[in-house]
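Residue numbers (my numbering), protein chains in the order written: chain A, 1 to 482; chain B, 483 to 964.
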């Protein structure tokens with residue numbers, strides 16, 4: 001039976017939580033008195049559907065069902081987990097938490113608050129033991145970080161259960177051991193924000209110049225290593241102690257103006273908002289969301305290839321779901337890709353090598369699926385492509401969602417004959433037929449695949465043998481249509 | 483003739499500059515009294531050779547020559563540009579700058595300083611007009627950001643010339659219009675660093691927890707959009723003004739401890755260094771450098787595919803080099819490509835989609851040759867690939883020189899049937915057979931090619947008709963060898 005999450009508050013953050021749960025197969029009930037909430041959640045969900053599956057190398061579970069409840073108690077009935085994402089007012093949060101607890105006693109309640117400590121949320125609660133902070137980062141459906149902050153009154157078994165739940169959603173629960181204002185990450189964001197306001201106010205830099213100073217330099221470093229690991233490298237062979245001794249004294253230099261808060265007035269708002277309009281106003285917010293999401297997908301996939309940082313979280317998420325998956329008698333939907341601007345040729349269509357790229361992504365995902373992924377290759381065996389036929393049937397354009405499905409035409413111990421269909425919705429844009437040979441990489445010749453690979457491959461080949469031979473299989477270049 | 487850069491100071495930063503210049507075809511002379519300097523520069527250069535070419539989609543220029551000079555004046559002789567990267571002591575920098583200026587009058591001098599303002603560097607200089615700050619970020623051979631900070635005494639034409647030079651190296655010169663302590667980016671780094679020291683000192687979080695709080699969340703955001711563009715999205719449809727109004731008041735909250743500097747003593751050093759050892763000590767610094775570089779390559783390639791942020795800088799760098807290095811178009815030997823590290827799959831061979839990429843480069847060059855290049859396409863006509871057969875006959879590895887040759891199998895007014903051979907020396911690594919159709923792009927259907935194109939194509943087709951039919955032409959996937 002599907003799990004159920006109750007989400008109290010359905011804005012950008014609540015919508016992001018909804019997408020995380022739904023796309024991982026949970027049913028979701030949302031309570032939000034805002035009549036616009038269903039539209040807002042639907043918009044976040046559309047963005048999530050277009051991006052989160054691109055991080056998965058196996059089929060995603062069937063999407064859970066989404067409903068909107070008229071009362072908090074209705075949303076919470078039967079819930080395994082409750083996430084509170086209402087406005088940042090403590091009295092409001094106290095009232096909402098009391099209603100949740102009377103409807104769903106004993107059920108863990110995570111709060112998305114960035115400003116309150118868990119002990120503040122627990123004040124006056126009937127049962128403080130189920131309440132903790134689970135602070136996400138936007139976009140919730142892509143960024144893995146969740147700050148999990150219990151107070152001493154939160155039950156340790158609740159904390160453990162919540163961390164487990166978050167992990168199954170592909171999230172990274174960071175256990176914050178001591179509660180503190182703004183938890184951890186937002187303290188850094190606040191520090192940078194204050195400095196940025198000064199730089200703009202004093203006319204040193206515009207919002208665009210500040211953004212470039214971040215994303216062309218240290219921002220790239222921080223997405224894959226944090227502050228300390230980066231500086232560890234900067235210390236060179238002499239290491240962290242050397243780095244500290246070299247830069248420690250600079251601490252007393254008067255570089256920052258951080259505790260001295262700039263006056264927040266209309267003039268400052270206009271200055272910043274005007275610069276931001278000049279910088280980004282030619283993109284709509286929806287465009288910026290999509291650009292951001294595709295960039296994040298690119299970063300996360302790069303990290304996943306390298307099993308590093310957030311990519312390691314994604315690999316663990318794949319592995320956990322692969323163990324649940326079952327082979328069926330239909331072509332396997334292995335990948336979903338979005339056609340990116342860099343994949344387009346001067347005709348405005350997806351450049352031809354990207355069709356083969358998309359097909360390779362499909363085949364690679366299939367090889368991982370049958371246990372012939374990177375670990376297997378590291379052991380000295382692999383499948384090599386011997387031959388490929390590509391039939392172009394349509395054209396993909398920027399932004400198209402392409403699904404890659406794979407059918408096994410034939411397989412034996414050494415050979416794997418596959419047929420990949422790349423489609424945009426129901427429209428097939430290309431088919432690719434390939435012969436793969438299993439090789440002993442050291443000896444440089446073909447050899448039988450490992451028994452554990454064949455155990456996963458052959459049942460799929462048998463199931464697929466019942467499928468009709470796909471249109472285009474066996475064609476040669478220039479053959480007349482029969 | 484090759485350009486020459488003189489680099490004064492050959493540590494990690496000087497070595498990074500050396501790599502940038504050398505791999506872009508500049509000759510480099512380094513002055514550094516440290517007897518270890520040649521080894522240190524060689525190590526940085528090895529890392530750069532293993533990563534920077536992966537960002538290029540065309541052949542890199544031939545590497546420039548590297549020499550070490552015994553005196554500053556020797557290094558500077560004939561230099562087009564001088565970069566100063568000595569230790570952060572103003573008296574030392576003044577002495578070095580004076581020596582440079584007497585050896586290379588009028589030549590632009592960029593300083594890598596993070597701590598000094600250009601007006602400080604210019605104090606007492608014979609010619610302040612050539613001196614400015616060009617502050618890089620480690621690793622210099624991958625991160626595009628260079629803060630270019632002139633003082634009012636720096637000549638505007640020197641600033642323009644330096645920005646041009648940096649751009650040709652694939653860098654992003656950020657012109658900092660008003661000099662200020664620590665320029666822009668390091669002010670943010672300093673702010674985050676101070677907060678991080680407090681969190682560790684107060685036992686709130688370890689170095690590892692802080693790094694996870696950064697790289698699992700906002701670090702990923704900042705590598706592709708900066709602070710303001712990210713928050714613009716957070717403001718949703720209501721935009722930046724809404725965001726500011728919502729979060730402005732939080733500015734007065736006591737979240738940060740930033741101006742209150744923690745005492746820098748042995749206890750703090752041991753605490754941080756010990757935690758950093760526990761977090762990262764199982765990787766050597768060399769390993770961490772390679773991991774970081776490959777992650778950065780992944781991020782940068784993701785951005786390049788999307789033509790966004792640092793990726794846009796890389797695309798411009800490619801385009802500029804492509805225009806310089808137009809290959810001599812010998813008949814039918816259309817391209818020579820070097821297999822780049824980024825084209826390699828986990829088997830250590832050229833990844834299969836790159837065979838098609840190499841073939842497309844060959845075909846595109848041929849289409850230009852017969853007058854059906856970009857200008858022709860702009861007129862609304864083009865050749866589209868309808869069908870491709872790929873036969874893999876060997877494997878290409880990093881550094882291999884691949885030649886792409888094209889044979890016309892058949893051609894008429896609308897159809898162009900070609901056979902591309904990709905070879906390393908005499909060894910054929912793959913053959914690609916393709917059917918191209920000439921189309922009217924507006925009408926979306928085939929049509930005869932323009933007379934001037936057919937006038938160039940048909941004589942070639944006639945000549946090629948006398949050639950033997952190449953081995954592999956007409957094959958279908960899985961066909962037995964005859």
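For each residue, glycine too, the CB sits at the ideal point set by N, CA and C.
Selection of the stretch 898-932 of chain B by Cβ proximity to chain A, strictly under 8 Å: Shown in chain order are the members of the stretch 898-932 of chain B whose Cβ falls below 8 Å from a Cβ of chain A: 899, 915, 916, 917, 923.
Span of the beta strand (DSSP E) around residue 883 (chain B): Looking at the DSSP string, the run of the beta strand (DSSP E) that includes residue 883 (chain B) is 883-893.
C-beta atoms of residue 185 (chain A) and residue 699 (chain B) nearer than 7 Å: Against a cut-off of 7 Å, the Cβ pair of residue 699 (chain B) and residue 185 (chain A) comes out as a contact.
Sufficient close CB pairs (3 or more, under 8 Å) joining the stretch 191-202 of chain A to the stretch 593-606 of chain B: No, they do not touch.
Where the beta strand (DSSP E) containing residue 91 (chain A) begins and where it ends: Unbroken run through residue 91 (chain A) is the alpha helix (DSSP H), 90-103; no beta strand (DSSP E).
Residue 279 (chain A): contacting residues in chain B (beta-carbon distance under 9 Å): By Cβ distance, chain B contributes 710, 711, 714.
Alpha carbon of residue 344 (chain A) to alpha carbon of residue 618 (chain B), nearest angstrom: Distance between the alpha carbons of residue 344 (chain A) and residue 618 (chain B) is about 33 Å.
Where residue 595 (chain B) falls, given that 16 or more other Cβ within 10 Å makes a residue buried: By the neighbour-count criterion, in which 16 or more other beta carbons inside 10 Å mark a residue as buried, residue 595 (chain B) falls on the buried side.
6 Å CB neighbourhood of residue 128 (chain A) in its chain, flanking five on each side removed: The answer, listed in chain order, is 122, 153.
Where residue 937 (chain B) meets chain A, residues with beta-carbon distance less than 7 Å: Here the premise fails: no neighbours, minimum Cβ distance about 23 Å.
CB of residue 841 (chain B) within 7 Å of CB of residue 902 (chain B), strictly: Contact flag set, yes.
In chain order, each beta strand (DSSP E) run of at least 3 residues that lies wholly inside the stretch 613-678 of chain B: The beta strand (DSSP E) runs lying completely inside the stretch 613-678 of chain B and spanning 3 residues or more are 613-618, 627-631, 654-657, given in chain order.
Span separating the alpha-carbon of residue 27 (chain A) from that of residue 349 (chain A): A direct Cα-to-Cα measurement between residue 27 (chain A) and residue 349 (chain A) gives close to 38 Å.
Any chain A beta carbon closer than 7 Å to residue 498 (chain B): Not closer than 7 Å to any Cβ of chain A, the Cβ of residue 498 (chain B) fails to qualify, so no.
Close-in-space but distant-in-sequence residues of the same chain around residue 771 (chain B) (CB under 6 Å, 5 per side omitted): Closer than 6 Å at Cβ, skipping near neighbours: 529.
Residue closest to residue 394 (chain A), alpha-carbon to alpha-carbon, out of A:410, A:355, A:15: The candidate whose alpha carbon is nearest that of residue 394 (chain A) is A:355.
Cutoff 6 Å; reference residue 793 (chain B); Cβ partners in own chain excluding five residues on either side: Correct list, in chain order: 785, 786.
Per-residue burial, residue 498 (chain B) [other beta carbons within 10 Å of its own, 16 or more giving buried]: With 16 or more Cβ atoms within 10 Å of its Cβ, residue 498 (chain B) is classed as buried.
Contact the stretch 943-961 of chain B vs the stretch 371-383 of chain A: 3+ CB pairs below 8 Å: Because the criterion of three Cβ pairs below 8 Å is not met, the stretch 943-961 of chain B and the stretch 371-383 of chain A do not touch.
Bounding residues of the beta strand (DSSP E) (the contiguous stretch that carries residue 522 (chain B)): Looking at the DSSP string, residue 522 (chain B) is not in any beta strand (DSSP E); the run it does join, the alpha helix (DSSP H), is 519-531.
Neighbour list for residue 289 (chain A) in chain D, Cβ cutoff strictly below 7 Å: Among the protein chains in the structure shown, which are A and B, there is no chain D.
Secondary structure, alpha helix (DSSP H): runs of 4+ residues fully inside the stretch 328-367 of chain A: With a minimum length of 4 residues, no continuous alpha helix (DSSP H) run stays inside the stretch 328-367 of chain A.
Assigned exposure category for residue 760 (chain B) - 16 Cβ within 10 Å defines buried: Exposed is the call here.
Residue from A:294, A:82, A:116, A:318 with nearest C-alpha to residue 102 (chain A): Taking only the C-alpha atoms, the option nearest residue 102 (chain A) is A:82.
Interface flag, residue 388 (chain A) vs chain B, CB-CB below 7 Å: At a cut-off of 7 Å between beta-carbon atoms, residue 388 (chain A) makes contact with chain B.
Proximal residues, the stretch 689-700 of chain B versus chain A, C-beta separation under 7 Å: For the stretch 689-700 of chain B, the residues whose beta carbon sits under 7 Å from a beta carbon of chain A are, in order, 689, 691, 692, 693, 694, 695, 696, 697, 698, 699, 700.
Neighbour list for residue 626 (chain B) in chain A, Cβ cutoff strictly below 9 Å: By Cβ distance, chain A contributes 216, 217, 220.
In chain order, each beta strand (DSSP E) run of at least 3 residues that lies wholly inside the stretch 861-939 of chain B: Listed in chain order, the complete beta strand (DSSP E) runs (minimum 3 residues) inside the stretch 861-939 of chain B are 863-874, 883-893, 897-906, 909-922.
Cα-Cα separation between residue 413 (chain A) and residue 368 (chain A), rounded to whole angstroms: Residue 413 (chain A) and residue 368 (chain A) have their C-alpha atoms some 17 Å from each other.
Span separating the alpha-carbon of residue 209 (chain A) from that of residue 361 (chain A): Approximately 37 Å between the Cα atoms of the pair.
is_contact[residue 863 (chain B), chain A] using C-beta, thresh 7 Å: No, its Cβ sits nowhere closer than 7 Å to a Cβ of chain A.
Residue 488 (chain B) in three-state terms, based on DSSP: Residue state, collapsed to three classes: strand.
Proximity below 7 Å, CB of residue 341 (chain A) to CB of residue 398 (chain A): Contact annotation: residue 341 (chain A) and residue 398 (chain A) have beta-carbon atoms nearer than 7 Å.
Local conformation of residue 496 (chain B) per DSSP, three classes: Helix.
Cross-chain neighbours of residue 563 (chain B) in chain A, by beta carbon under 9 Å: Going along chain A, no residue has its Cβ under 9 Å from residue 563 (chain B), so there is no contact; the nearest lies around 21 Å.
Residues that residue 509 (chain B) bridges to, as DSSP identifies them: Paired residues: B:486.
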